[in-house]
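One structure below.
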């Protein structure tokens, strides 16, 4: 997996130090294939720590804590922890047991209770991504998706197409940054842009409708906003954004955002929120 070597140094009194490359793709196989078997052989297997990670979206850490606070006091095995990310959070369940089967039996009831309390926010577990969960829902509903992006700059399309097989449900996307592009590519009328501006509910609605129509998709998601650092006004400050979701079968959903941070942070946060909005909408159709 690379040219950097790893080694184990013995320090006496049964102690040893394992040194591995810092690059994750080189370190992880070495840890799994060499270091962990070496440790088990010398120290004995004993109990292991087994984990299950529930990924949530569109819910904050404080709200998660409010919903599951009493579960933290149920005991130390299994135990839970909330790991906050930017506009997303994971709930980690950890069980100490002699085997994975035993750990799974300990984790299962707690996982079921967590999923019940966080219904509508848990999009997957362990290695599942928001884009992967969205792909699964689109496949289950036999629906197709298109996106029209302005201030997210193609990040949503990039996330969605990172999933293997995404061409089965992702019809296409367009980054319509300039007003002329919004008009020529998406059919947003000059009158709408003149009356309401490019960063407005009306523009977001028109962008989503245009994307759905032009790509022949069942659902379309649009974003428009001001990522900064310039371009803001007192009426429309930096960080203002609009998301619109146009569903041929279930109408239009619009959301206003007011985000903080630098240009990259604002665009990244808007992308996460938009994916969460899309997942929740699709999830609601299957519940």
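Numbering (the numbering used here), first residue to last: 1 to 287.
In this text, a Cβ means the ideal position worked out from N, Cα and C, and glycines have one as well.
Could you tell me the boundaries of the beta strand (DSSP E) in which residue i lies?
i: residue 223; result: 219-225
i: residue 15; result: 15-19
i: residue 9; result: 7-12
When the Cα of residue i is compared with those of the options, which residue comes out closest?
i: residue 88; options: 61, 78, 79 and 96; result: 61
i: residue 211; options: 270, 254, 149 and 200; result: 149
i: residue 66; options: 285, 117 and 251; result: 117
i: residue 288; options: 216, 110, 122 and 115; result: The structure shown does not extend to residue 288, since the chain spans only 1 to 287, so no value can be given for it.
i: residue 225; options: 169, 187, 94 and 266; result: 266
i: residue 232; options: 263, 154, 179 and 69; result: 263
i: residue 82; options: 109, 165, 49 and 57; result: 57
i: residue 240; options: 230, 249 and 248; result: 230
i: residue 15; options: 115, 43 and 273; result: 43
i: residue 161; options: 131, 127, 98 and 273; result: 131
i: residue 38; options: 182, 76 and 9; result: 9
i: residue 268; options: 159, 107, 74 and 31; result: 159
i: residue 152; options: 119, 204 and 234; result: 204
i: residue 200; options: 254, 154, 213 and 71; result: 254
i: residue 26; options: 113, 2 and 222; result: 2
i: residue 109; options: 138, 126, 74 and 140; result: 74
i: residue 165; options: 287, 7, 29 and 139; result: 139
i: residue 197; options: 172, 214, 274 and 242; result: 242
Drop a sphere of 10 angstroms on the beta-carbon of residue i, count the other beta-carbons inside from all chains shown, and report buried for 16 or more, exposed for fewer.
i: residue 237; result: exposed
i: residue 40; result: exposed
i: residue 135; result: buried
i: residue 142; result: exposed
i: residue 36; result: exposed
i: residue 84; result: exposed
i: residue 182; result: buried
i: residue 202; result: buried
i: residue 170; result: buried
i: residue 195; result: exposed
i: residue 100; result: exposed
i: residue 272; result: buried
Mind reading off the beta-carbon distance from residue i to residue j? Whole number of angstroms is fine, and I expect it under 8 Å.
i: residue 185; j: residue 191; result: Not confirmed; about 17 Å, so no contact.
i: residue 220; j: residue 246; result: 5 Å
i: residue 270; j: residue 259; result: 6 Å
i: residue 51; j: residue 92; result: 6 Å
i: residue 49; j: residue 94; result: 6 Å
i: residue 47; j: residue 98; result: 5 Å
i: residue 207; j: residue 157; result: With a Cβ gap of about 14 Å, residue 207 and residue 157 do not count as contacting.
i: residue 147; j: residue 90; result: Actually they do not touch by this definition, with Cβ atoms about 25 Å apart.
On the DSSP letters alone, give me the boundaries of the alpha helix (DSSP H) that residue i sits inside.
i: residue 28; result: 24-30
Can you find a C-beta in chain B that's less than 8 Å from the C-beta of residue i?
i: residue 163; result: In the displayed structure, chain B is absent; only one protein chain is listed.
Problem - Unbroken stretches of the alpha helix (DSSP H), 4 residues or longer, contained in the segment 36-111 - result: As for any alpha helix (DSSP H) of minimum length 4 sitting wholly inside the segment 36-111, the runs are 36-43 and 61-68, ordered along the chain.
Problem - Start-end ranges of the beta strand (DSSP E) lying completely within the segment 237-285, minimum 3 residues - result: 240-247 and 251-258
Handout entry: Those runs of the alpha helix (DSSP H) which lie wholly inside the segment 124-207 and span at least 4 residues
Key = 130-141, 155-160, 179-186 and 190-196
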